[in-house]
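Colleague: My questions will all concern the structure given below.
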Ligand code: GLY
Ligand code: MN
Ligand code: MN
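Numbering (this note's numbering), first residue to last: 89 to 550.
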């Protein structure tokens with residue numbers, strides 16, 4: 089946990105920003121997999137963690153802006169709980185650790201909220217993403233369950249997004265702790281990936297690295313020789329000599345900050361000449377986009393820069409044709425790069441996505457494009473010091489998409505569909521790093537994880 093003063097200061101900033109009202113933060117409870125006592129691994133709500141720090145199920149935070157008072161609510165454990173769970177801190181003890189003077193149990197919370205509703209006070213809450221939370225909020229505030237999200241507070245969402253978007257030095261240190269684990273993950277992947285080995289062996293070893301660090305994954309691991317499927321969670325293929333293995337994975341720091349790294353490996357240890365050509369295009373696109381990152385630049389422009397590098401490279405190897413700028417403007421490159429360049433990262437791997445992608449990644453000066461590919465860009469807005477953003481371009485050969493575009497004659501001025509035929513089994517390549525925007529420009533966070541062709545080939549043990 090951070091020092092109590094960190095949580096106190098965070099709540100103080102939010103209180104000042106909001107000006108009045110009650111701010112309700114339901115922490116997460118346990119979530120059952122198949123019966124109540126058999127639960128998914130517990131993950132605290134990130135905004136609750138940010139302001140109230142308590143990493144246990146069953147707590148609720150409340151900030152009364154008008155009374156200038158913060159509360160932690162929860163029920164103390166009784167002896168039956170302690171027999172099964174071991175000694176547990178009291179609500180009072182937990183509140184002390186995060187700088188809160190006032191505590192109460194769940195019935196006192198319900199009474200306080202009912203009194204506030206009766207008095208006509210404004211109760212702000214963030215959009216809940218679990219049904220249990222929608223039901224609880226509906227009960228506390230006398231709302232229809234289906235209407236709860238409509239009553240979420242725009243003002244509170246904006247204030248929380250603004251505050252959480254800028255990472256402190258302590259938060260950056262946490263992200264770098266998660267990246268230390270990522271570095272070990274990729275050493276392990278390079279040790280184990282080789283022809284004849286099943287993807288599951290590598291995916292399992294990756295989880296072992298995370299477990300040995302007493303950490304958790306920050307999102308379900310993507311590890312596949314079918315990297316053309318962007319979020320491929322199937323790990324049952326036997327890897328072959330000429331396969332490309334895409335590994336997109338992340339871990340959490342002790343305070344639950346994320347890492348999110350992608351590397352692409354030649355299973356046989358060396359890229360084929362064609363794989364190498366395509367790999368170098370993705371790497372150039374990633375490096376150009378990273379180089380462009382500085383305060384005042386829009387991430388949209390970094391995305392477009394990566395798109396232009398990709399179209400230029402694909403034209404050089406004969407898969408695209410025509411004027412590069414026109415092709416990118418028309419969105420033709422999205423056949424190969426159908427996703428956005430990256431997203432904010434922090435306590436969530438897609439930071440604050442539960443609060444609304446457009447409120448996190450866009451502002452009043454940029455609205456989201458409807459063009460295929462660009463519409464998937466999560467982060468477009470101007471960069472500020474303290475933002476942490478992933479940079480993850482890729483080139484993919486998705487047979488179903490190629491067939492559809494060819495059938496429709498889509499962008500046939502810019503794509504050589506005949507030349508594409510020999511790439512149907514290529515798979516995909518993605519390269520991803522986590523980048524801090526600094527006052528001077530940017531810094532790629534964490535230890536250096538091999539990504540040049542030479543470093544990857546020399547790191548492959550198989
Ligand atoms: N979690 C997949 C990605 O955004 O990189
Ligand atoms: Mn990723
Ligand atoms: Mn990512």
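Positions of the beta carbon are idealized from the N, C-alpha and C atoms, including for glycine.
Give the range of the alpha helix (DSSP H) segment to which residue 121 is assigned.
Modeller: No alpha helix (DSSP H) contains residue 121, which is instead part of the beta strand (DSSP E) from 120-123.
Colleague: For residue 520, which three-state DSSP category applies?
Modeller: strand
Colleague: Please report the Cβ distance between residue 397 and residue 372, rounded to the nearest whole angstrom; I am assuming they are in contact, meaning their Cβ atoms lie under 8 Å.
Modeller: 5 Å
Colleague: Is residue 309 near ligand 2, in the sense that its beta carbon is under 7 Å from a heavy atom of that ligand?
Modeller: no
Colleague: Nearest-angstrom Cα distance between residue 110 and residue 447?
Modeller: 22 Å
Colleague: Residue 348: beta carbon under 7 Å from a heavy atom of ligand 2?
Modeller: Checking the Cβ of residue 348 against ligand 2 gives yes.
Colleague: Is the separation between the beta-carbon of residue 489 and that of residue 435 shorter than 8 Å?
Modeller: In this structure, residue 435 does not lie closer than 8 Å to residue 489 by Cβ.
Colleague: Taking a contact to mean a Cβ-Cβ separation below 8 Å, would you say residue 473 touches residue 383 in this structure?
Modeller: yes
Colleague: Around the C-beta of residue 539, are 16 or more other C-beta atoms found within 10 angstroms, so that it is buried, or is it exposed?
Modeller: Classification of residue 539: buried, given that the 10 Å Cβ count is 16 or more.
Colleague: To the nearest angstrom, how far is it from the Cα of residue 500 to the Cα of residue 491?
Modeller: Cα to Cα, residue 500 sits roughly 12 Å from residue 491.
Colleague: One question on the structure: do residue 518 and residue 480 come within less than 8 Å of each other, judged by their Cβ atoms?
Modeller: In contact: residue 518 and residue 480 (Cβ atoms closer than 8 Å).
Colleague: In the DSSP output, which residue or residues are listed as bridge partners for residue 237?
Modeller: For residue 237, DSSP assigns no beta-bridge partner whatsoever.
Colleague: Checking the sheet assignment: what are the DSSP bridge partners for residue 254?
Modeller: DSSP output for residue 254 lists no bridge partner at all.
Colleague: Around the C-beta of residue 544, are 16 or more other C-beta atoms found within 10 angstroms, so that it is buried, or is it exposed?
Modeller: buried
Colleague: Count the other C-beta atoms from every protein chain shown that fall within 10 angstroms of the C-beta of residue 320, then say buried if there are 16 or more, exposed otherwise.
Modeller: buried
Colleague: Do residue 232 and residue 520 have their CB atoms nearer than 8 Å?
Modeller: Result no, Cβ atoms of residue 232 and residue 520 do not sit closer than 8 Å.
Colleague: Just to confirm the assignment, what range does the beta strand (DSSP E) spanning residue 312 have?
Modeller: 310-312
Colleague: Looking at the secondary structure, which residues open and close the beta strand (DSSP E) in which residue 150 lies?
Modeller: 148-152
Colleague: For ligand 1, I want to know if residue 437 counts as a neighbour, meaning its beta carbon is within less than 7 Å of at least one of the ligand's heavy atoms.
Modeller: yes
Colleague: Going straight from the alpha carbon of residue 503 to that of residue 403, what length do you get?
Modeller: So the alpha carbons of these two residues sit roughly 9 Å apart.
Colleague: What did DSSP end up calling residue 543 once you bin it into helix, strand or coil?
Modeller: It is helical.
Colleague: Which of the three DSSP states, helix, strand or coil, is assigned to residue 458?
Modeller: Here residue 458 sits in coil by DSSP.
Colleague: Let's see if you can read the secondary structure: which residues bound the alpha helix (DSSP H) around residue 506?
Modeller: 505-508
Colleague: With a threshold of 7 Å, establish whether the CB of residue 389 neighbours any heavy atom of ligand 2.
Modeller: no
Colleague: From what residue to what residue does the beta strand (DSSP E) around residue 575 run?
Modeller: Nothing about residue 575 can be read from this structure; the chain reaches only from 89 to 550.
Colleague: Can you grab the Cα-Cα spacing for the pair residue 462 / residue 200, in whole Å?
Modeller: Their backbone Cα atoms lie some 46 Å apart in a straight line.
Colleague: Just to confirm, does residue 168 get its C-beta within under 7 Å of one of the non-hydrogen atoms of ligand 1?
Modeller: No; taking the cut-off as 7 Å, the Cβ of residue 168 has no heavy atom of ligand 1 nearer than that.
Colleague: For residue 190, does the three-state DSSP call read helix, strand or coil?
Modeller: If DSSP states are grouped into helix, strand and coil, residue 190 belongs with the strands.
Colleague: For ligand 3, is there a heavy atom less than 7 Å away from the beta-carbon of residue 431?
Modeller: yes
Colleague: Just checking, does the stretch 331-345 make contact with the stretch 294-314 on the three C-beta pairs under 8 Å criterion?
Modeller: Yes, the stretch 331-345 touches the stretch 294-314.
Colleague: Is there contact between the stretch 105-122 and the stretch 238-248, where contact requires at least three CB pairs shorter than 8 Å?
Modeller: yes
Colleague: Residue 367 by DSSP, collapsed to three states: which one?
Modeller: helix
Colleague: How is the alpha helix (DSSP H) around residue 439 delimited, first residue to last?
Modeller: It is not in any alpha helix (DSSP H) - residue 439 carries neither H nor E in the DSSP assignment.
Colleague: Could you tell me whether the stretch 263-282 touches the stretch 295-307, using the rule of 3 or more Cβ pairs below 8 Å?
Modeller: yes
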